[in-house]
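Asker:
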Amino acid sequence: MKIILLGPPGAGKGTQADVICKFFNIPHISTGNMLREAVEAQTDLGKEAQALMDAGILVSDEVIVGLVEERIGKKDCRSGFLFDGFPRTIPQAEALVKRSVEIDFVIEIDVPDEEIINRMSGRRMHPGSGRNYHIEFNPPKEADIDDETGEPLIQREDDKPETVKDRLQVYSNQTSPLIKFYSKRIGSIGYIKVSGSESPKVVSQSILDQIKRS
Ligand code: AP5
Numbered sequence: 591m592k593i594i595l596l597g598p599p600g601a602g603k604g605t606q607a608d609v610i611c612k613f614f615n616i617p618h619i620s621t622g623n624m625l626r627e628a629v630e631a632q633t634d635l636g637k638e639a640q641a642l643m644d645a646g647i648l649v650s651d652e653v654i655v656g657l658v659e660e661r662i663g664k665k666d667c668r669s670g671f672l673f674d675g676f677p678r679t680i681p682q683a684e685a686l687v688k689r690s691v692e693i694d695f696v697i698e699i700d701v702p703d704e705e706i707i708n709r710m711s712g713r714r715m716h717p718g719s720g721r722n723y724h725i726e727f728n729p730p731k732e733a734d735i736d737d738e739t740g741e742p743l744i745q746r747e748d749d750k751p752e753t754v755k756d757r758l759q760v761y762s763n764q765t766s767p768l769i770k771f772y773s774k775r776i777g778s779i780g781y782i783k784v785s786g787s788e789s790p791k792v793v794s795q796s797i798l799d800q801i802k803r804s
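Numbering (the working numbering) for the sequence shown: 591 to 804.
(1) Heavy atom of the ligand AP5 less than 7 Å from the Cβ of A733, yes or no?
(2) By the three-class DSSP mapping on this structure, what secondary structure does E660 have?
(3) Does the stretch 594 to 607 touch the stretch 698 to 709, meaning 3 or more C-beta pairs lie closer than 8 Å?
(4) Run the proximity test for L642: is its beta-carbon closer than 7 Å to any non-hydrogen atom belonging to the ligand AP5?
(5) Relative to the ligand AP5, is the shortest distance from any of its heavy atoms to the C-beta of Q682 smaller than 7 Å?
(6) Ordered along the chain, which non-local residues of its own chain (more than five positions away) have a Cβ less than 7 Å from that of F671?
(7) Determine the direct distance from the alpha carbon of L596 to that of D748, and round the result to whole angstroms.
(8) Between which two residues does the beta strand (DSSP E) harbouring I616 extend?
(9) Rounded to the nearest angstrom, what separates G675 and P730 at their Cα positions?
(10) Measure from the alpha carbon of S785 to the alpha carbon of each residue in E692, N722, I797, G656, then state which is nearest.
(11) Is A601 close to the ligand AP5? I mean its beta-carbon at under 7 Å from any heavy atom of the ligand.
(12) Using a 10 Å radius around the Cβ and a threshold of 16 neighbouring Cβ atoms, would you call I654 buried or exposed?
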């Protein structure tokens, strides 16, 4: 099973990725998490990506495609994977076509911009795993502590309201054209659209129900 999760920043891609990946037993490939790991380790890539990410600007297609190609060449991706935050531009999507990566489902999670800006201020993340929480909608069992490791949670640098607005603009200009790109390929790819404004559980159920029906 090969799945792409598409949607604006804060739509709930990472939240839904956890559920879908467990259900299908496939690896979760988040280019955002891969870049954050590189920043944390202060590799050359991390140093290059940090300022761009903090400002909500996309990292170059060339760098991202290289990262993804290397990742999907690994053994655990043989029976499928889920892309979260990739592709994010038409050239990134074309790179997958060129490499003959056959996608089964594109899942678009739709959330209005105003709701996203409110959501982001409440997000908390476990830096080691990229696991996300929300102080109100999806709280950890103990405030500011990761449920699985007991380690502290952090707030992401790019979750400041001004940066979130810039990220939404980048999504509208550079990523939303992918909706048309993939909608046109219906037949070979299943295209599913869900409202991400419902509770995380309702959104997961809607995604899994639509996959089962397809
Ligand atoms: P990335 O990490 O991919 O960020 P993003 O796409 O902006 O998405 P987010 O992780 O912010 O949100 P999400 O949709 O996963 O939502 P979440 O589940 O956390 O990218 C970061 C940066 O890296 C980019 O700006 C760019 O610089 C670079 N980058 C990454 N990939 C790239 C690429 N391919 N090309 C170029 N550059 C790239 O949910 C958000 C919050 O809402 C959480 O608190 C969650 O608990 C809560 N929540 C989730 N669902 C619900 C719900 N249904 N109701 C209420 N609250 C909910």
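Ideal Cβ positions, reconstructed from N, Cα and C, are used throughout, including at glycine.
On a predicted model such as this, the values are computed, not experimentally measured, just so you know.
Answerer: Straight from the coordinates:
(1) no
(2) helix
(3) yes
(4) yes
(5) yes
(6) K592, I616, P617, I619, I662
(7) 19 Å
(8) First-last for I616: undefined, no H or E at that position.
(9) 24 Å
(10) I797
(11) yes
(12) buried
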